[in-house]
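This report concerns only the one structure given below.
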Amino acid sequence: MSNTNWEQITNPKTSKTVKLFKSVHRANKSKRSELGLTVAEGVRLLADILSKEESRRLVRRIVISESLLSGGNDGAEGNTSDQYQKQLQHWLRMIDEESRLRNEEKIDEDTDGGTCVHTCSIYVGTDEVVSACSGTVTSQGVVALVDIPPPYNPLLTVSAVVENESSISMPPPFYLILDGLSDPGNVGTLLRTCAASYASALILLPGGCDVWNPKAVRSSMGASFRVPVLDISTISEEEEPFDQVLVFLQRCGVTSNRIFAATMENAGNSVSLAHYDIDFTMSGGGAAIILGREGEGLRSEVRNAVKSGIISTVHVPMAPDTESLNAGVAGSVIMFERMRQLLSTMENGEGEGEIGAGR
């Protein structure tokens, strides 16, 4: 594969690009937000991100190892790596061609009325260079700096749906709310399930794992860039976060009686519904599920809302004397029950076309 236009990085200690990767890896949530960047790495993940226009335009820098570029499998991801390597190389060629045309035509990104042209720099380096940019013990041969997408805006989503109204039947809005989940693996799993089950968006209450933590991005396998995300703490620091969630959901068509906190079978004076007893069908209306942090459960504001009857609770029935499911599993079970009900509705002729959702 020709890479004559790609800059070589020979010394990871002096490279500004390597230093930027390291800065993003070291950054906390606040600093990462300030930089506006996250890190995505791995052949399969990068092939997925580059294959979709909305996420491809977010990619700013790619560093790929010489061994991977030449077709080697060192550090690649299992027996299916050849397929993803071919996809990755295809999209790298596409980006290279876009860059060549841009240079030839001297397109100005900042011209009024012009189309914003995607700009991505590709670098080639030794395995040592790529490892220096990586956040894993064993580098997978390719790593990228990616812009953090803008926060979820339901108005933009609605307008995108209206343009495709004839071919897509939109389910009622559904939001997954994470209350302080700290494990990047659980967060990544839930992002993947949100993408697979047509969730409208993921909403974050303060105190949990940053979804743009490179570990969470890696765990999500590209879902981070397909599922709209709203960090509620970015809206206002003056109001109580859960109150902001209630107001936001109401504006999006989800009333408080359709908000369910995932908990054990009984919580306070409220009898919890089994996950399959919630009406998630087209006629059921919008809904939201709240998942509490691992080991500590839901914050006091959410528990108080349950006790006062403002919101309800939901649980996944299990055999007696068994440990509770972790947040990633419990949330996935509930969301796929919603998906099952929606598909059943479509099969019974209560909806038309295909189920759709979009950022």
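Here the sequence shown is numbered in the working numbering, starting from 1 and rising by one per residue.
A virtual CB, placed ideally from N, CA and C, is assigned to each residue, including glycine.
These figures come from a predicted structure and were not determined experimentally.
Consult DSSP for Gln140 and reduce its assignment to one of helix, strand or coil.
coil
C-beta atoms of Leu68 and Gly141 nearer than 8 Å
yes
From Ser134, Phe248 and Asn28, pick the residue whose C-alpha is nearest to that of Leu176; which is it?
Phe248
Going by DSSP, what residue range makes up the beta strand (DSSP E) through Ile62?
Val59 to Ser65
Tell me which same chain residues have a C-beta within less than 8 Å of the C-beta of Arg60, skipping the five on either side of it?
Leu37, Thr119, Cys120, Ser121, Ala144, Leu145, Val146 and Asp147
Host beta strand (DSSP E) of Leu205 (start-end)
Ala201 to Leu205
What residues in its chain sit with their C-beta under 8 Å from that of Met221, if we drop five residues either side in the sequence?
Arg44, Leu45, Asp48, Gly188 and Arg192
Skipping 5 residues on each side, what residues in its chain have a beta carbon closer than 6 Å to that of Tyr276?
Glu337
Could you check if Arg218 is buried or exposed, using at least 16 other CB atoms within 10 Å of its CB as the buried criterion?
buried
Indicate whether Arg100 and Asn5 have their beta-carbon atoms separated by less than 8 Å.
yes
Contact belief for Ala327 with Leu202 at Cβ below 8 Å, rounded distance in angstroms
Actually they are not in contact, since the Cβ atoms of Ala327 and Leu202 sit about 13 Å apart, beyond 8 Å.
Under 6 Å Cβ to Cβ from Leu298, same chain only, skipping five residues before and after it: list those, please.
Asp179, Ala261 and Gly292
What separation, rounded to the nearest whole angstrom, lies between the Cα atoms of Gly253 and Arg32?
32 Å
From Leu50 to Gly125, what does the alpha carbon distance come to, in whole angstroms?
20 Å
Identify the residues that DSSP records as bridge partners of Phe248: which are they?
BP columns for Phe248 are empty, so no partner.
Nearest to Cys194 by CA position, among Asn28, Met339, Ile235 and Ser15, is which residue?
Met339
What's the gap between the Cα of Ile290 and the Cα of Ser131?
38 Å
Going by DSSP, what residue range makes up the beta strand (DSSP E) through Ile49?
It is not in any beta strand (DSSP E) - Ile49 instead sits in the alpha helix (DSSP H) that spans Val43 to Ser51.
Which of helix, strand or coil does DSSP assign to Ser30?
helix
Let's see if you can read the secondary structure: which residues bound the beta strand (DSSP E) around Val314?
Ser312 to His315
Relative to the C-alpha of Ile95, which residue among Glu53, Gly135 and Cys133 is closest?
Glu53
Which residue marks the beginning of the beta strand (DSSP E) containing Leu176, and which one marks its end?
Phe174 to Asp179
Range covered by the alpha helix (DSSP H) that runs through Ile334:
Ala327 to Glu347
For Phe260, list the residues DSSP reports as bridge partners.
Ile289 and Ser312
My output table needs one value for Val271: the three-state DSSP class, helix, strand or coil.
strand
Does the distance from the C-beta atom of Leu272 to that of His315 stay below 8 Å?
One detail in the question is off: residue 272 reads as Ser in this sequence, not Leu. A contact, by the Cβ cut-off of 8 Å.
Taking Cβ positions, are Phe225 and Ser65 nearer each other than 8 Å?
no
Pro320 burial status per 10 Å Cβ neighbour count (16 or more: buried)
exposed
When you compare the CB positions of Leu58 and Pro149, do they come within less than 8 Å of one another, or not?
yes
Let's see if you can read the secondary structure: which residues bound the beta strand (DSSP E) around Glu296?
It is not in any beta strand (DSSP E) - Glu296 carries neither H nor E in the DSSP assignment.
Pull up the CB-CB distance for Pro171 and Leu342, whole angstroms please, since I reckon it's below 8 Å.
5 Å
Within 10 Å of its beta-carbon, does Ser197 have 16 or more other beta-carbons around it, so buried, or fewer, so exposed?
buried
Of the listed residues Met282, Pro12 and Val39, nearest to Thr136 (C-alpha basis):
Val39
Classify Ala274: buried if its beta carbon has 16 or more other beta carbons within 10 angstroms, exposed otherwise.
exposed
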